[in-house]
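Heads up, the sequence shown is in my numbering, so the first residue is 50 and it goes up one at a time. To keep things clear, I will list the structure first and then write my remarks on it.
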Amino acid sequence: MSVAVETKALTPPDIAARKHKKPIVCLTAYTTPVARLADRHCDVVLVGDSVGMVLHGLTSTLGVTLEMMIMHGKAVRRGLERALMVVDMPFGSYEEGCEQAFRNAARLMAETGCAAVKLEGGESMADTIRFLTARGIPVMSHVGLTPQAINVLGGYKVQGRGGDGDRILRDAVAVAESGSFSVVLEKVAEPLARRITEEVTIPTIGIGASAACDGQVLVVDDILGMFTAFRPKFVKRYAELGSEAEAAIAAYADDVREGRFPAAEHLFADAPQAGEAA
Ligand code: KIV
50 MSVAVETKAL TPPDIAARKH KKPIVCLTAY TTPVARLADR HCDVVLVGDS VGMVLHGLTS
110 TLGVTLEMMI MHGKAVRRGL ERALMVVDMP FGSYEEGCEQ AFRNAARLMA ETGCAAVKLE
170 GGESMADTIR FLTARGIPVM SHVGLTPQAI NVLGGYKVQG RGGDGDRILR DAVAVAESGS
230 FSVVLEKVAE PLARRITEEV TIPTIGIGAS AACDGQVLVV DDILGMFTAF RPKFVKRYAE
290 LGSEAEAAIA AYADDVREGR FPAAEHLFAD APQAGEAA
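And the structure:
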């Protein structure tokens, strides 16, 4: 098991400095207990807008609000000491222009205590990224498959196959040149993700992209087997907690129905018993 050893909290410049160095480990978290677990092992903890699908049962990330991101961001903050905390800007909270993006990113940082925000988009977001970084807001970018643009992209398809690759390379170069400290490459054909990683100056963090990326990110409920609505090819399951949890719930329900729970050890006598708090 590799436990991260640094005690000081990581910063966006620390992550930017990891280009072509030790792989950056990034995982999503939405709650305090999971953030505590991730903090011991991960460099970056992302409060992703995937929270909408993973915890709130939405069918896409489009219905996620700034208030939801703030609530989950606050919870995650309480669980972190070392990892860099990044919070996703939800759909509709930054696309109108630089001022709207600054207002909402500043609110996310002030209310959650995160050190950076993530936003989707490449060339079209370059001015916004420049505006935010010049005003104290570190930006992680996200190009390739951008789930908030699912209706324009026409589905969760692999990006960067054929002629489309040039557009994604241009997006990655644009977000690097405008000041992002790292860029997520989602569901990008492997040769293109490898090429982008070689050509851009900031760390690439892959999800369904390439082992050559400077880091990797996955959704925590996917790796734990807690999110089972669908399973993308790029997910590796490290546990099957969903089926274990269901078995536990079924056993509890059986115990209640059969009168096996509660048992004597779960109940209280008139006077405290030895070893029991009053
Ligand atoms: O919302 C999210 O969890 C993400 C990651 C999958 C990169 O954007």
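By construction, the Cβ of each residue, glycine as well, lies at the ideal position given by its N, Cα and C atoms.
**Prompt:** Thinking C-beta only, is GLY291 closer than 7 Å to GLY274?
**Reply:** yes
**Asked** Measuring from the CB of ASP98, is there a heavy atom of the ligand KIV at a distance below 6 Å?
**Response** yes
**Prompt:** Hey, how far is the Cα of LYS68 from the Cα of GLY324?
**Reply:** 55 Å
**Message:** Which residues does DSSP list as the beta-bridge partners of THR253?
**Reply:** VAL232
**Item:** Close Cβ partners of CYS91 (< 8 Å) along its chain, the five nearest in sequence each way excluded
**Value:** ALA53, VAL74, CYS75, LEU76 and ALA132
**Asked** Beta carbon of THR77: closer than 6 Å to some heavy atom of the ligand KIV?
**Response** yes
**Request:** Measure from the alpha carbon of LEU241 to the alpha carbon of each residue in GLU226, ILE251, ALA221 and SER231, then state which is nearest.
**Result:** ALA221
**Prompt:** Which residue's Cα is closest to the Cα of ALA260: ALA278, VAL268, LEU234 and THR182?
**Reply:** LEU234
**Whole-angstrom distance between THR246 and ILE178, CA atom to CA atom** = 20 Å
**Prompt:** Taking MET134 as the reference, which of GLY141, GLU144, GLU145 and HIS121 has the closest Cα?
**Reply:** HIS121
**Request:** Could you pull out every residue in the same chain whose Cβ sits closer than 6 Å to the Cβ of ALA270, ignoring the five residues on either side in sequence?
**Result:** It should be noted that the sequence gives Asp, not Ala, for residue 270. For ASP270, where only same-chain residues beyond five positions count, the Cβ hits under 6 Å are VAL103 and PHE276.
**Item:** ILE256 CB to nearest heavy atom of the ligand KIV below 6 Å
**Value:** yes
**Item:** N-terminal and C-terminal residue of the alpha helix (DSSP H) that GLU332 is part of
**Value:** Nothing can be reported for residue 332: it is not among the residues displayed for the chain, which extend from 50 to 327.
**Message:** Below 8 Å, how does it come out for the region 135-148 and the region 112-121: are there three or more Cβ pairs, yes or no?
**Reply:** yes
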